[in-house]
Amino acid sequence: KATSEDREVSIVYLGSLPHGVYSPLSHHHSILQRVIQGSSLESLLVRSYKRSFNGFAAKLTDQEREKLANMKEVVSVFPSRTYQLQ
Amino acid sequence: TTRSWDFMGFDEKINRNATVESDIIIGVIDSGIWPESESFTDVGFGPAPKRWKGACKGGKNFTCNNKLIGARYYTAESARDGTGHGTHTASTAAGNGVKDASFYGLAQGTARGGVPSARIAAYKVCAPTCMAHNILAAFDDAINDGVDIITISIGLGFMADVYGDAISIGAFHAMENGILTTNSAGNNGPSDGTVSSPAPWILTVAASSIDRRIIDKVVFGIGTTVVGNSVNSFTLNGTSFPLVHGKDVSSNCTEEDAGYCKEGCLDSQLVKGKIVLCDRYTSAIPEAYKAGALGSVVLNFYNDDDLSLILPLAATALHPKEYSVMMSYMNSTRDPQGTILKSEYIKDPAAPHVAFFSSRGPNLILPEIIKPDISAPGVQILAAYSPDASISEFEDKRHVKYKIMSGTSMACPHAAGVAAYVKSFHPDWSPAAIKSSLMTTAWPMNDTSTKSNISTGEFAYGSGHINPVKAINPGLVYEASKEDYIRLLCMKYDEGKVRLVSGDNSTCPTDKGSPLDHNYPSMAAKVAPMNPFAVKFHRRVKNVGLANSSYKATIFQDSKVEIKVVPEILSFKSLNEEKAFDVTVAGSGVPFGSQVSTQLVWFDGSHSVRSPIVVYTA
Chain A
14 KATSEDREVS IVYLGSLPHG VYSPLSHHHS ILQRVIQGSS LESLLVRSYK
64 RSFNGFAAKL TDQEREKLAN MKEVVSVFPS RTYQLQ
Chain B
12 TTRSWDFMGF DEKINRNATV ESDIIIGVID SGIWPESESF TDVGFGPAPK
62 RWKGACKGGK NFTCNNKLIG ARYYTAESAR DGTGHGTHTA STAAGNGVKD
112 ASFYGLAQGT ARGGVPSARI AAYKVCAPTC MAHNILAAFD DAINDGVDII
162 TISIGLGFMA DVYGDAISIG AFHAMENGIL TTNSAGNNGP SDGTVSSPAP
212 WILTVAASSI DRRIIDKVVF GIGTTVVGNS VNSFTLNGTS FPLVHGKDVS
262 SNCTEEDAGY CKEGCLDSQL VKGKIVLCDR YTSAIPEAYK AGALGSVVLN
312 FYNDDDLSLI LPLAATALHP KEYSVMMSYM NSTRDPQGTI LKSEYIKDPA
362 APHVAFFSSR GPNLILPEII KPDISAPGVQ ILAAYSPDAS ISEFEDKRHV
412 KYKIMSGTSM ACPHAAGVAA YVKSFHPDWS PAAIKSSLMT TAWPMNDTST
462 KSNISTGEFA YGSGHINPVK AINPGLVYEA SKEDYIRLLC MKYDEGKVRL
512 VSGDNSTCPT DKGSPLDHNY PSMAAKVAPM NPFAVKFHRR VKNVGLANSS
562 YKATIFQDSK VEIKVVPEIL SFKSLNEEKA FDVTVAGSGV PFGSQVSTQL
612 VWFDGSHSVR SPIVVYTA
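So the protein sequences, as listed, match chains A and B. Quick note: the first sequence, position 77, residue 90 per my numbering, numbers continuous. Quick note: the second sequence, position 125, residue 136 per my numbering, numbers continuous.
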């Protein structure tokens, strides 16, 4: 079981929001559910992007990131890096 | 902004479409905003535009008004700006005109945004660090809220792939919703390949100087005067004080460390009431301040005039030549005396030049897309500030409402302001058309004031210096639709992923084409060093000038390359008509690590539509 230290906030980018009836939050939950083991979903999901595009941010382990990156419905998975004011 | 807009000929009397301008909403993704600033009062503003779907969720004690119509925060406890950065950028893009603004009397004038009648929505993502997941959340909201232009003066310190960069992703979805994003190029110059904003749908902005340069003087001995760089608001009344070198006022450091005025090296008893000279910039000022020195003169090793910090004591930074003159004086007299004068401004006839610190291309992710795209004022800009924030990084106790700052952060909102100004005349123009109008009307820049041995040319300043007056009437624009960008993505990425990004069933064409043919307002090709080459750019332009017009191509030839444009004349019969053309560039022998630059200008007798062409080697 991964500890909180093993986890890093990562962005799972899913592209555009699908047309028609779609529930982004439940889709994000279901994707996350497929890769996490033994942790509560609510504690891992940091943000859901659902107004203008599709994706979410979650606390993930390296292994979970790799699994997500291989999913057909995922465009990219990358760590939530620190940006600087310029 | 008390000088930057006037410097570009964009004065207070410029022709404006005030009614449309007041319908434009600028989304500022930054460190929040100071809502009580005079730059954001709503006197004379009506209610928010009807299409505005945003909200004022700025947190405790945060109130919006008819100027500042929206606020959200994703970090800290409110959208209130604790650092001053977001207040500065927001007021540069769209702040009200505020008379007699100054920083302790320096840079005095009317501080104003590019579009003073426009509305502002603030999205706070930095406090002070900015996390990618918060930046994406801000884009998600800003796009849906209905902003027209997004300005984001934030960046990674390096260039990330477009699918791995929150700003590239957010700006792509902004673009598909008709919103242009302006982004700062970064402050990691002057090394090559340091620009951190690769996406073609973003307007990436380099920082340039304006003709008002703030300097300060050090007077020593029998009236010897040298000029330094800092924003020094302190006055020593012209009185001379003892000068000491760091190495002579330390009791517990090596001579070298003491000379650098490293942390903990200066002896408070020995520096009190004196001006201390230090052989280094970074650590020296806080140490001199902490030790209680009266003032400090430090070495600006990089010869960088654009590094002009606000310091917590009377202090300045000298170029090595001037610093050594002062050191010679110190070594030649038993009781060296001197003083530092309050900053003053001088006119710089060489302006604009690209700031030393401004990040440079080439684009490491999409080598055929020149980045940065354009230059805008980003050196010594006075704009609104948070009175709660410290005015320098050195635990300065002073607080101000307007402050002078430098960075590509300051350039970016200038470009956003101009983009909004163009949109106020052409509300139906696409983000690409607005971007094209800014790029093709830019003033040509040259390398004369840049220093040797640093990256110059288009990879420093892009298409040139932003020119707001001309930008509203570009004559021709290089259009690019979402489909054009998708086609470009198809050349680099897996089709399934591109389909997810596009959100429709658009498939990548079997013949994927070349990124050289992406309809960009500038042209670049990376070729093998010293080998013969022949590259062809396919472009199309849309007539937005006069219905019946004819444009002739002019090429500014470089002896190292041969360029052909086919056809050489484009004749239009109506507005919005599109015409295609090809540019072929052939040559050989471009040495490793160098570039050949030239430009194509379409001219119809009144509109000059200029595109740089760069052939470079890795």
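Beta carbons: idealized from backbone N, C-alpha and C, even for Gly.
Assigned exposure category for residue i - 16 Cβ within 10 Å defines buried
{"i": "residue 32 of chain A", "result": "exposed"}
{"i": "residue 88 of chain A", "result": "buried"}
{"i": "residue 97 of chain A", "result": "buried"}
{"i": "residue 55 of chain B", "result": "exposed"}
{"i": "residue 78 of chain B", "result": "buried"}
{"i": "residue 583 of chain B", "result": "buried"}
{"i": "residue 464 of chain B", "result": "Note that residue 464 of chain B scores a pLDDT of 46, beneath 50, so its modelled location is shaky and nothing firm can be said."}
{"i": "residue 16 of chain A", "result": "exposed"}
{"i": "residue 32 of chain B", "result": "buried"}
{"i": "residue 19 of chain A", "result": "exposed"}
{"i": "residue 288 of chain B", "result": "buried"}
{"i": "residue 274 of chain B", "result": "exposed"}
Within-9 Å CB hit, residue i to chain A
{"i": "residue 460 of chain B", "result": "With a pLDDT of 43 at residue 460 of chain B, under the threshold of 50, the modelled position of this residue cannot be trusted, and the question is left open."}
{"i": "residue 463 of chain B", "result": "The predicted position of residue 463 of chain B is uncertain, since its pLDDT is 45 and thus under 50; a value taken from the coordinates is nonetheless stated next. Chain A, which has no Cβ nearer than 9 Å to the Cβ of residue 463 of chain B, makes this no."}
{"i": "residue 425 of chain B", "result": "no"}
{"i": "residue 320 of chain B", "result": "no"}
{"i": "residue 23 of chain B", "result": "no"}
{"i": "residue 41 of chain B", "result": "yes"}
{"i": "residue 188 of chain B", "result": "yes"}
{"i": "residue 181 of chain B", "result": "yes"}
{"i": "residue 137 of chain B", "result": "yes"}
{"i": "residue 492 of chain B", "result": "no"}
{"i": "residue 198 of chain B", "result": "yes"}
{"i": "residue 223 of chain B", "result": "no"}
{"i": "residue 585 of chain B", "result": "no"}
{"i": "residue 384 of chain B", "result": "no"}
{"i": "residue 402 of chain B", "result": "no"}
{"i": "residue 14 of chain B", "result": "no"}
Cross-chain neighbours of residue i in chain B, by beta carbon under 8 Å
{"i": "residue 85 of chain A", "result": "507"}
{"i": "residue 97 of chain A", "result": "140, 141, 165, 166, 167, 168"}
{"i": "residue 62 of chain A", "result": "147, 148, 151"}
Boundaries (first-last residue) of the alpha helix (DSSP H) holding residue i
{"i": "residue 98 of chain B", "result": "96-105"}
{"i": "residue 332 of chain B", "result": "331-343"}
{"i": "residue 186 of chain B", "result": "177-187"}
{"i": "residue 467 of chain B", "result": "Note, residue 467 of chain B: premise wrong, no alpha helix (DSSP H); not H, not E."}
{"i": "residue 496 of chain B", "result": "493-501"}
Within-9 Å CB hit, residue i to chain B
{"i": "residue 26 of chain A", "result": "yes"}
{"i": "residue 22 of chain A", "result": "yes"}
{"i": "residue 65 of chain A", "result": "yes"}
{"i": "residue 30 of chain A", "result": "yes"}
{"i": "residue 106 of chain A", "result": "The structure shown does not extend to residue 106 of chain A, since chain A is modelled only from 14 to 99, so the question has no answer here."}
{"i": "residue 78 of chain A", "result": "no"}
{"i": "residue 94 of chain A", "result": "yes"}
Neighbour list for residue i in chain A, Cβ cutoff strictly below 9 Å
{"i": "residue 93 of chain B", "result": "Within 9 Å Cβ-Cβ: nothing; residue 93 of chain B doesn't reach chain A, min ~12 Å."}
{"i": "residue 154 of chain B", "result": "64, 65, 66"}
{"i": "residue 514 of chain B", "result": "28, 29, 30, 31, 32, 66, 67"}
Neighbouring residues, chain B, relative to residue i (Cβ below 9 Å)
{"i": "residue 59 of chain A", "result": "144"}
Proximal residues of chain A, C-beta to C-beta of residue i below 8 Å
{"i": "residue 174 of chain B", "result": "26, 88, 89, 91"}
{"i": "residue 392 of chain B", "result": "Under the 8 Å cutoff, chain A gives no residues; its nearest Cβ is about 13 Å from residue 392 of chain B."}
{"i": "residue 82 of chain B", "result": "Here the premise fails: no neighbours, minimum Cβ distance about 16 Å."}
Run of the beta strand (DSSP E) containing residue i, from where it starts to where it stops
{"i": "residue 413 of chain B", "result": "413-416"}
{"i": "residue 272 of chain B", "result": "That residue, residue 272 of chain B, is in no beta strand (DSSP E); it is neither H nor E in DSSP."}
{"i": "residue 562 of chain B", "result": "560-567"}
{"i": "residue 26 of chain A", "result": "21-28"}
{"i": "residue 286 of chain B", "result": "286-289"}
{"i": "residue 223 of chain B", "result": "223-231"}
{"i": "residue 534 of chain B", "result": "534-538"}
{"i": "residue 583 of chain B", "result": "580-583"}
{"i": "residue 245 of chain B", "result": "No beta strand (DSSP E) contains residue 245 of chain B, which DSSP labels as neither H nor E."}
Cross-chain neighbours of residue i in chain A, by beta carbon under 7 Å
{"i": "residue 418 of chain B", "result": "99"}
Any non-hydrogen atom of the ligand GDP closer than 8 Å to residue i Cβ
{"i": "residue 27 of chain B", "result": "The model on display carries no ligand, and the ligand GDP is accordingly not part of it."}
So does the stretch 496-515 of chain B actually touch the stretch 56-73 of chain B, counting three or more Cβ pairs closer than 8 Å?
-> Short answer: they don't touch.
So, do the stretch 127-135 of chain B and the stretch 34-49 of chain B have three or more beta carbon pairs nearer to each other than 8 Å?
-> yes
Evaluate the contact criterion for the stretch 209-222 of chain B versus the stretch 305-313 of chain B: three or more CB pairs, one atom per stretch, below 8 Å.
-> No: fewer than three Cβ pairs fall under 8 Å.
May I ask you to verify whether the stretch 60-70 of chain A touches the stretch 151-161 of chain B, counting CB pairs closer than 8 Å and requiring at least 3?
-> yes
Does the count of Cβ pairs from the stretch 544-559 of chain B and the stretch 503-513 of chain B closer than 8 Å reach three?
-> no
Check whether the stretch 76-92 of chain B touches the stretch 113-131 of chain B, taking contact to mean three or more Cβ pairs, one atom from each stretch, closer than 8 Å.
-> yes
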